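Residue numbers (my numbering), protein chains in the order written: chain A, 4 to 328; chain B, 773 to 1064; chain C, 829 to 1102.
Put into structure tokens, the structure is as follows:
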């Protein structure tokens, strides 16, 4: 099957006009990616990793220094119109449109650049405004919108043209929990409702990438360091799961050595709260029930229980040697 | 200590103003830019004059018109410049809120930024006057210039315009994108009614009454008397009547009027600025952008 | 999305023209600032002519020239520097990413700008004419319309070319536009007949379409001044303006293509750095 997006040794180098204005920056360094139709693909990396540069090249706004990039099978350098007919892009913190136009008028205006008939465009706009709870704001000028409402409008702008492939550049940047949730839910619903659709999402929010994406590419300094499903990526980290229990009424810790799958354990007494914190390092997660049964059998009361698994941040640290933020 | 702080704010904001005005290009291009605009603006009047007189420029009215037009640059540029500080910081650089909440004298900040505008304008005025004398025979004799009158009128006039600009700067907190238009409007009123390029006596009587209460009218007259006393005498002689409409007013009276205007505008501008500042904070307009 | 490329572009023109068409009804304050402000300059220059006891048609020239400044200002601030502003406010990448010709965006800006500016200029002209008792000759309305249309096509073609050339500019865009105000008012003879600049200077200034356009309009509505003030015969000016229409349309297309390529190569097309 033809991939939705494909890059081959994609490289982009930025050279300053004058030497004193800075040094040469390699924003993308031989990037090879293959994103399938129907995929919600994430590119995870810190600020300055090359995420936005990648999207700019794919959306025909920037030329690569070397290498090739194809969107829906079309060359982003040569087949501009064919690429553009099939894509749209939404960026976080975007303030597009004109302040003196209303929300509906701004959305209609952008739809006209894609040649959508007004009647059809207006129907889609109404539907999407309703989906995002912005119907009441339709007649208000854009300048009156809050940050969250504005970004919802931007998302609608990106989807109202019914693109095959959508590039989302940090779409939830600066949004509160509810607004971010609304945007994420919409993205998932949109792609799941038609398997010919594709989303390429860049983010530096690990949870967002983990939650939304079918596959994730981890990028740093312009290089793709790893590319797989979130669960496979996490398996790359040779980190054991840990189980931490806070228990009351525990007199003596003994007899855990016999539990199969337990690597090691330790305890810390908290005199102030009269509780004991038990930390178990697991080799096999199936031993959790044995541990809990044993603690309860000792006559202790479990106050809290926490299981810790590797995160994408752990993956990133393993690959890059530093945190994501 | 407070004075030292204010001076530092003035100096630093003047430096910032210079960077914002000039660092978009190299110094030579900036110099050219600073000269071409005023010279071209002046040449429009020169050509208009020559179309009527068939090329003649060596008479008193030409000098009257030329000097007035050159000095008017101060009015237009300084009025515009002071308000532009607030407009530019808020709308384009979006730094007004950071400046506003900084523990410093905000007036000094604006004055520092505007000082650079005055310096650049002074350069343009000077070049225009030199061009007029050298190329077009504008009647300015350095030996005949009344230097004390020139110095006094320059100081008082510029102070008056700056303070007026400050009041408009306050208003621009509330008017957002129209602030520049308001300034240009006021500068336009001065251009037509203050005897800048023609004597006010050509205006309808009602307009002349308005002219006589505008400080710029007196400033223009005072500057001309100081810079081109010969041309002013000749204009009066050839016209055969009080053509400027200011003949009966002594230099001292004019200076006094300018001094009173400075005081009145000072009180007014502080008042306007404070009220505008209060309303802006009340309505949340300090960091308002209009998405132009 | 099944419509032809032409239909898509026509819709894009309409879409981009819309904010400008609707803008004047949304913010009526434009009347004060865009109609009244030019009247101060007109009044200033008209009184200079009056004081000099000049021919009546010279005052008419000032009123017409003052009204026509609206078009030049629109070219500088709403055409030439518009793509720069669009870049600053984040619209430019969205325009460039759309499956249309960039010329449609520029054409939309031009159509909308021309419409709103024509209204402004007409109002300034009317008020100026009443204030200074200017008498227009409307003996050749068709010719008047032809000259106006040809001038505007050439002028907005030039504006579209400027818009492309400004595309990669930063803060200097503002200064460049500011620099092209007074010098062009002078060179194009907005307030005096351009013929008095001398033949070669006037010929050089004729690269700016409004120079010939203004001269031609003056010949039509102030025929009493033709003998003394006309630069070239009216038909010659119309022919030259028609040539400028073609030249600027072609140049703007090439300029846009070249600047877009340059911008995509250097990465400055979507970069905001002010």
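Backbone N, C-alpha and C define an ideal beta-carbon position, used for all residues, glycine too. These figures come from a predicted structure and were not determined experimentally.
From the DSSP output, in three-state form, read off residue 986(B) for me. Position 214 of the second chain, counting from 1, holds the residue named residue 986(B). Looking at residue 986(B) - three-state DSSP - the assignment turns out to be coil, as it is neither helix nor strand.
Starting from the C-beta of residue 886(C), find all residues in its chain whose C-beta is less than 6 Å away, skip the five residues before and the five after it, and write them out in chain order. The residue you call residue 886(C) lines up with position 58 of the third chain. These residues qualify, in order along the chain: 877.
For the segment 212–224 of chain A against the segment 314–321 of chain A, do three or more pairs of beta-carbon atoms, one drawn from each stretch, fall closer than 8 Å, so that the two count as touching? yes
Determine the chain C residues that contact residue 856(B) at a beta-carbon separation under 9 Å, and present them in chain order. Taking the second chain and counting its residues from 1, one reaches residue 856(B) at position 84. Simply none; closest approach about 11 Å.
Hey, could you find the ends of the alpha helix (DSSP H) residue 192(A) is sitting in? On the first chain, position 189 is the one that residue 192(A) refers to. Looking at the DSSP string, the run of the alpha helix (DSSP H) that includes residue 192(A) is 180–195.
CB contact check: residue 850(B) to chain C, cutoff 7 Å: Taking the second chain and counting its residues from 1, one reaches residue 850(B) at position 78. Chain C contact via Cβ: absent.
When you compare only the Cα positions, how much space is there between residue 1015(B) and residue 1039(C)? Along the second chain, one-based indexing puts residue 1015(B) at 243. Along the third chain, one-based indexing puts residue 1039(C) at 211. Cα-Cα distance, rounded: 36 Å.
Could you tell me if residue 210(A) is buried or exposed, where buried requires 16 or more neighbouring beta carbons within 10 angstroms of its beta carbon? Counted from its first residue, the first chain places residue 210(A) at position 207. When all chains shown are included, residue 210(A) counts as exposed.
DSSP three-state label for residue 958(C), please. Locating residue 958(C) in the third chain gives position 130, counting from the first residue. Residue state, collapsed to three classes: helix.
Run through the DSSP bridge pairs and tell me what residue 202(A) is partnered with. As a working note, residue 202(A) is residue 199 in the first chain. In DSSP, residue 202(A) forms a bridge with 43(A) and 169(A).
Interface residues of the segment 969–992 of chain B facing chain C [CB-CB below 8 Å]: 969, 970, 971, 974 and 975
Buried or exposed for residue 309(A), please, with buried defined as at least 16 other CB atoms from any protein chain shown within 10 angstroms of its CB. Residue numbering aside, residue 309(A) sits at position 306 when the first chain is read from its first letter. With fewer than 16 Cβ atoms within 10 Å of its Cβ, residue 309(A) is classed as exposed.
Determine the chain C residues that contact residue 130(A) at a beta-carbon separation under 8 Å, and present them in chain order. As a working mapping, residue 130(A) is identified with position 127 in the first chain. The contacting residues do not exist; residue 130(A) stays about 17 Å from chain C at best.
Of the residues 304(A), 270(A), 311(A) and 274(A), which one's Cα is nearest the Cα of residue 288(A)? Position 285 of the first chain, counted from the start, is the residue given in the question as residue 288(A). Comparing Cα positions, the closest option is 311(A).
Below 7 Å CB to CB, which residues in the same chain sit around residue 979(B) once its five sequence neighbours on both sides are set aside? Sequence index remark: in the second chain, residue 979(B) carries index 207 (1-based). Only 965 meet the Cβ criterion.
What residues match up with residue 230(A) in a beta bridge as DSSP calls it? Indexing the first chain from 1 puts residue 230(A) at position 227. Looking at the DSSP assignment, residue 230(A) forms a beta bridge with 220(A).
Among residues of its own chain, excluding the 5 on either side of residue 965(C), which ones have a beta-carbon nearer than 6 Å to its beta-carbon? As a first step, residue 965(C) must be located in the third chain, where it is residue number 137. Counting only Cβ-Cβ distances below 6 Å, and skipping sequence neighbours, we find 1049 and 1051.
For the structure I just gave you, are there three or more beta carbon pairs, one from the segment 824–838 of chain B and one from the segment 846–858 of chain B, closer than 8 Å? no
Between residue 875(C) and residue 999(B), is the Cβ-Cβ spacing less than 7 Å? Within the third chain, the letter at position 47 stands for residue 875(C). Within the second chain, the letter at position 227 stands for residue 999(B). Not in contact: residue 875(C) and residue 999(B) (Cβ atoms no closer than 7 Å).
How about residue 16(A) and residue 56(A): do their beta carbons lie closer than 7 Å? Start at 1 with the first residue of the first chain, and residue 16(A) comes out as number 13. Start at 1 with the first residue of the first chain, and residue 56(A) comes out as number 53. In this structure, the beta-carbon distance from residue 16(A) to residue 56(A) does not fall below 7 Å.
Using C-beta distances below 8 Å, list every residue in its chain close to residue 12(A), excluding the 5 sequence neighbours before and after it, in chain order. Reading the first chain from its first residue, position 9 is the one you call residue 12(A). Answer for residue 12(A): 33, 34, 35, 69, 70 and 71, listed in chain order.
Interface flag, residue 878(C) vs chain A, CB-CB below 7 Å: As a first step, residue 878(C) is located in the third chain; it is residue number 50 there, counting from the start. So, not an interface residue.
Can you give the Cα-Cα distance for residue 960(B) and residue 986(B), rounded to whole angstroms? Within the second chain, residue 960(B) is the residue found at index 188, counting from 1. Within the second chain, residue 986(B) is the residue found at index 214, counting from 1. In a straight line, the C-alpha of residue 960(B) is about 13 Å away from that of residue 986(B).
Starting from the beta carbon of residue 944(C), find every residue of chain B whose beta carbon is closer than 8 Å, and list them in chain order. For the purposes of this step, residue 944(C) is identified with residue 116 of the third chain, where counting begins at 1. Ordered by position in chain B, no residue passes the 8 Å Cβ test against residue 944(C), which lies about 15 Å from the chain.
6 Å CB neighbourhood of residue 898(B) in its chain, flanking five on each side removed: Here the question's residue 898(B) lines up with position 126 in the second chain. Excluding sequence neighbours, residue 898(B) sits near nothing in its chain.
Examine chain B for any beta-carbon lying closer than 7 Å to the beta-carbon of residue 1010(C), and answer yes or no. Position 182 of the third chain, counting from 1, holds the residue named residue 1010(C). At least one chain B Cβ lies under 7 Å of residue 1010(C).
Where does residue 1024(B) fall in DSSP's three states? Reading the second chain from its first residue, position 252 is the one you call residue 1024(B). Three-state DSSP puts residue 1024(B) in a helix.
Which same chain residues, not among the five before or five after residue 905(B), have their C-beta less than 7 Å away from its C-beta? Here residue 905(B) corresponds to residue number 133 of the second chain, with the count starting at 1. Result list for residue 905(B): 912, in chain order.
Can residue 1014(C) and residue 816(B) be called in contact, C-beta distance under 7 Å? Taking the third chain and counting its residues from 1, one reaches residue 1014(C) at position 186. Taking the second chain and counting its residues from 1, one reaches residue 816(B) at position 44. For residue 1014(C) and residue 816(B), yes; Cβs fall inside 7 Å.
Just verifying my parser: in three-state terms, what is the DSSP assignment at residue 87(A)? One-based indexing of the first chain puts residue 87(A) at position 84. The answer is helix: DSSP assigns residue 87(A) an H, G or I state.
Can you confirm whether residue 846(C), when its beta carbon is compared against all beta carbons of chain A, has any partner nearer than 7 Å? To locate residue 846(C), count along the third chain from 1; it is residue 18. Taking Cβ atoms only, chain A reaches closer than 7 Å to residue 846(C), which makes this a yes.
Give a yes or no on contact between the segment 951–971 of chain C and the segment 1021–1040 of chain C, applying the rule of three or more CB pairs nearer than 8 Å. no
So is residue 195(A) buried or exposed if we call it buried at 16+ other beta carbons inside 10 Å? For the purposes of this step, residue 195(A) is taken as the residue at position 192 of the first chain. It counts as exposed.
Given that a residue counts as buried once 16 or more other Cβ atoms are within 10 Å of its Cβ, and exposed if not, what is residue 1043(C)? Reading the third chain from its first residue, position 215 is the one you call residue 1043(C). Buried.
Name the chain B residues that come within less than 8 Å of residue 856(C), Cβ to Cβ? For the purposes of this step, residue 856(C) is taken as the residue at position 28 of the third chain. Under the 8 Å cutoff, chain B gives no residues; its nearest Cβ is about 12 Å from residue 856(C).
Quick one: which chain A residues come within Cβ less than 8 Å of residue 925(C)? Taking the first residue of the third chain as position 1, residue 925(C) is located at position 97. Neighbours of residue 925(C) on chain A, chain order: 62, 63, 64, 87, 90, 91 and 92.
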